[in-house]
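S.K.: Under numbering that gives the first Met the number 0, the residue at position 334 of the sequence shown is numbered 333, and the numbers go up by one with no gaps.
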Amino acid sequence: MSSRERPVSRRTVLGGLAAAGAVPLLAPAPVAAAAAGTPLRSDARTKIVLLGTSGGPGWGATEPPRTGIASALVVGDRYYLVDTGEGVGFRLMDAELGNWQARAALSDLRAIFLTHLHSDHINDLSNILSLGAYNGLVAADRPVPVWGPGNRGILPPKTGTHPMPPITAPDNPTPGTAEMVGLLVRAFATDFNDRAIDGGMPAPQDMFAGHDIPLPERLLDDPNGDPHPRMKPVVFYEDDRVKVSATLVQHAPVFPSFAFRFDTEDGSVVFSGDTGPSENLVRMARGADVLVHEVIATEWAAQRYPEPRSPEDEAAFQHLIKSHTPVEEVGAIAEKTGVPTLVLNHFVPGSWPLEKWQAAQQGYSGRLIVGADLDEIGL
């Protein structure tokens with residue numbers, strides 16, 4: 000059976016986070032898997048679905064076909080969304096989630112988790128919230144929580160030599176998730192009121208609610224000087240199917256920027272979010288079954304910003320290679336965690352040749368999956 004067909008079989012009980020110091024044995028026969036025309040399929044009760052795998056604010060990629068970053072963790076007859084990039088609604092239908100045949104893919108949505116508030120990770124959140132009532136959200140376990148980073152509290156430092164630009168929304172220039180959801184409701188107030196008054200649809204506060212992931216005060220002191228302080232993972236959400244924990248990762252100047260760990264009765268998975276190499280992430284991923292990790296092609300970044308570089312180009316180049324994880328380094332990171340399966344995701348760029356992502360096997364003795372839209376990986 001090829002590595003694009005074999006599901007992960009190791010079971011991990013709820014509470015695996017507490018045992019995260021124990022490193023499991025690695026898969027004995029690593030096999031690199033290139034994304035193919037037919038997505039991976041799994042009939043496991045609990046599985047990861049890569050809805051969209053393209054990274055960055057561009058509109059995805061056509062070859063291979065990749066839409067904006069979004070993933071689902073399916074646990075029985077419910078699922079959880081991690082990020083809501085461009086095209087997530089269509090991909091939920093393509094993945095046949097929820098009551099998709101009745102065009103109600105959101106019917107089985109339990110919760111939404113946002114790793115950070117860059118536009119490519121949240122731009123279709125407004126679609127889910129504003130169109131949700133007509134796409135199954137009324138049948139979900141309501142209100143559906145939307146969890147994500149809180150208010151940064153201070154603008155990021157300016158880089159490069161360009162002049163300081165005008166500040167957008169200077170009264171509150173860095174709103175967090177709870178505030179953002181409230182602002183989206185205000186932006187769509189005309190529609191929400193019309194649908195409720197004329198069509199009898201539920202009010203938005205009855206369908207969803209925004210929440211900021213709580214962090215200890217000491218971690219909030221210096222987002223510009225230290226956006227990636229060392230920390231223990233924080234458990235912030237738990238229901239009858241999953242326990243979800245968060246840790247800060249290295250995506251400067253973004254703060255907070257999170258990785259998430261989901262512990263279920265069938266296994267554990269960690270989603271890296273956008274990050275450069277992160278000790279916090281390594282700590283949280285120990286003992287997990289699958290690590291879904293972002294990746295960047297350093298060769299592409301160097302081609303995009305060839306030497307000699309202007310100060311602005313140098314700043315952009317350094318941001319790319321330091322706030323994302325080079326493909327040559329991600330394997331060694333996975334090896335440190337001991338996870339038996341590494342799944343590449345959030346490809347920058349999404350159009351980079353598939354065979355070049357195989358470099359992620361370097362330094363890693365486990366099973367590598369080069370993720371593709373609609374791949375399913377069982378726990």
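Where a beta carbon is used, it is the ideal one built from N, C-alpha and C, also for glycine.
Among the candidates VAL291, ARG141 and PRO276, whose CA atom is the shortest distance from the CA of PHE261?
M.R.: Comparing Cα positions, the closest option is VAL291.
S.K.: Can you name, in chain order, every residue of its own chain whose Cβ lies under 6 Å from the Cβ of ALA60, other than the five neighbours on each side?
M.R.: These residues qualify, in order along the chain: SER53, GLY349 and SER350.
S.K.: Quick check: what's the CA-CA separation for ALA141 versus GLU375?
M.R.: Note that residue 141 is Arg in the sequence shown here, rather than Ala. Distance between the alpha carbons of ARG141 and GLU375 is about 26 Å.
S.K.: Is the beta carbon of PHE346 sitting closer than 8 Å to the one on VAL269?
M.R.: No, they are not a contact pair.
S.K.: For ILE368, is the classification buried or exposed, using 16 other Cβ atoms within 10 angstroms of its Cβ as the cut-off for buried?
M.R.: So ILE368 ends up on the buried side.
S.K.: From what residue to what residue does the alpha helix (DSSP H) around ASP193 run?
M.R.: Counting along the chain, the alpha helix (DSSP H) containing ASP193 begins and ends at 188 to 198.
S.K.: Would you mind stating whether LEU50 and ALA371 have Cβ atoms separated by less than 8 Å?
M.R.: The answer is no: Cβ separation not under 8 Å.
S.K.: Distance check for ALA71 and GLY209, CA to CA, integer angstroms please.
M.R.: Straight-line Cα distance between these residues: approximately 19 Å.
S.K.: Which residue or residues does DSSP assign as beta-bridge partners of ARG260?
M.R.: According to DSSP, which records beta bridges pairwise, ARG260 is partnered with SER244 and VAL269.
S.K.: Could you give the uninterrupted runs of the beta strand (DSSP E) lying entirely in the segment 124 to 204, keeping only those of 3 residues or more?
M.R.: For the segment 124 to 204, whole beta strand (DSSP E) runs of length 3 or above, ordered along the chain, are 143 to 147.
S.K.: Where does HIS318 sit, in a helix, a strand or coil, going by DSSP?
M.R.: Here HIS318 sits in helix by DSSP.
S.K.: Can ASP238 and GLY266 be called in contact, C-beta distance under 8 Å?
M.R.: The answer is no: Cβ separation not under 8 Å.
S.K.: Which residue comes first and which comes last in the alpha helix (DSSP H) that contains ASP76?
M.R.: Per DSSP, ASP76 belongs to no alpha helix (DSSP H) and is neither H nor E.
S.K.: In angstroms, rounded to a whole number, what distance separates the CA positions of THR246 and ASP197?
M.R.: Rounded to the nearest angstrom, the two C-alpha atoms are 44 Å apart.
S.K.: Can you tell me whether PHE89 is helix, strand or coil according to DSSP?
M.R.: If DSSP states are grouped into helix, strand and coil, PHE89 belongs with the helices.
S.K.: Counting C-beta neighbours from all protein chains within 10 Å, is the total for TRP356 16 or more, i.e. buried, or is it exposed?
M.R.: So TRP356 counts as buried.
S.K.: Out of HIS117, ASN279 and LEU96, state which residue places its alpha-carbon closest to the alpha-carbon of GLY84.
M.R.: Per the Cα distances, HIS117.
S.K.: Between which residues of its own chain and VAL281 is the CB-CB distance below 8 Å, once the five residues before and five after are set aside?
M.R.: Excluding sequence neighbours, VAL281 sits near ILE332, LYS335 and THR336.
S.K.: Measure from the alpha carbon of PRO169 to the alpha carbon of each residue in THR158, THR160, GLY152 and LEU183, then state which is nearest.
M.R.: Checked all of THR158, THR160, GLY152 and LEU183; the closest Cα to PRO169 is GLY152.
S.K.: Going residue by residue through the segment 278 to 363, where are the continuous beta strand (DSSP E) segments of at least 3 residues, counting only ones entirely within it?
M.R.: The segment 278 to 363 contains these whole beta strand (DSSP E) runs: 289 to 295 and 340 to 347.
S.K.: If you count every other CB in all the chains shown that lies within 10 Å of the CB of LYS231, and 16 or more means buried, which is it?
M.R.: Looking at its Cβ environment, which holds fewer than 16 other Cβ atoms inside 10 Å, LYS231 is exposed.
S.K.: Considering only DSSP beta bridges, list what LEU108 is partnered with.
M.R.: Paired residue(s): TYR78.
S.K.: Quick check on SER118: does DSSP put it in helix, strand or coil?
M.R.: Helix, per DSSP.
S.K.: Report yes or no: do three or more beta-carbon pairs, one from the segment 271 to 280 and one from the segment 111 to 126, lie closer than 8 Å?
M.R.: Cβ pair count under 8 Å is three or more, so yes.
S.K.: Among TRP58, THR167, THR66 and LEU319, whose alpha-carbon lies nearest the alpha-carbon of ALA301?
M.R.: With distances taken between Cα atoms, ALA301 lies closest to LEU319.
S.K.: Kindly indicate the opening and closing residues of the beta strand (DSSP E) around LEU49.
M.R.: First-last of the beta strand (DSSP E) with LEU49: 45 to 51.
S.K.: Which of the three DSSP states, helix, strand or coil, is assigned to LEU219?
M.R.: Helix.
S.K.: If you reduce the DSSP assignment to three classes, tell me which class ALA103 lands in.
M.R.: In the structure shown, ALA103 sits in a strand (DSSP, three-state: E or B).
S.K.: Determine the DSSP secondary structure at GLY20, reduced to helix, strand or coil.
M.R.: Since pLDDT at GLY20 reaches only 39, below the 50 mark, its modelled position is unreliable, and no value is offered.
S.K.: Quick one, are the C-beta atoms of ALA251 and HIS227 less than 8 Å apart?
M.R.: Result yes, Cβ atoms of ALA251 and HIS227 sit closer than 8 Å.
S.K.: If you run the structure through DSSP and keep just helix, strand and coil, what is GLU95?
M.R.: Three-state result, GLU95: coil.
S.K.: Going by DSSP, which residues form a beta bridge with ARG366?
M.R.: Per DSSP, THR340.
S.K.: Just mark ASP221 as buried or exposed, buried being the case when its beta carbon has 16 or more other beta carbons within 10 Å.
M.R.: Looking at its Cβ environment, which holds fewer than 16 other Cβ atoms inside 10 Å, ASP221 is exposed.
S.K.: So what does THR61 bridge to, in DSSP terms?
M.R.: Partner(s): PRO64.
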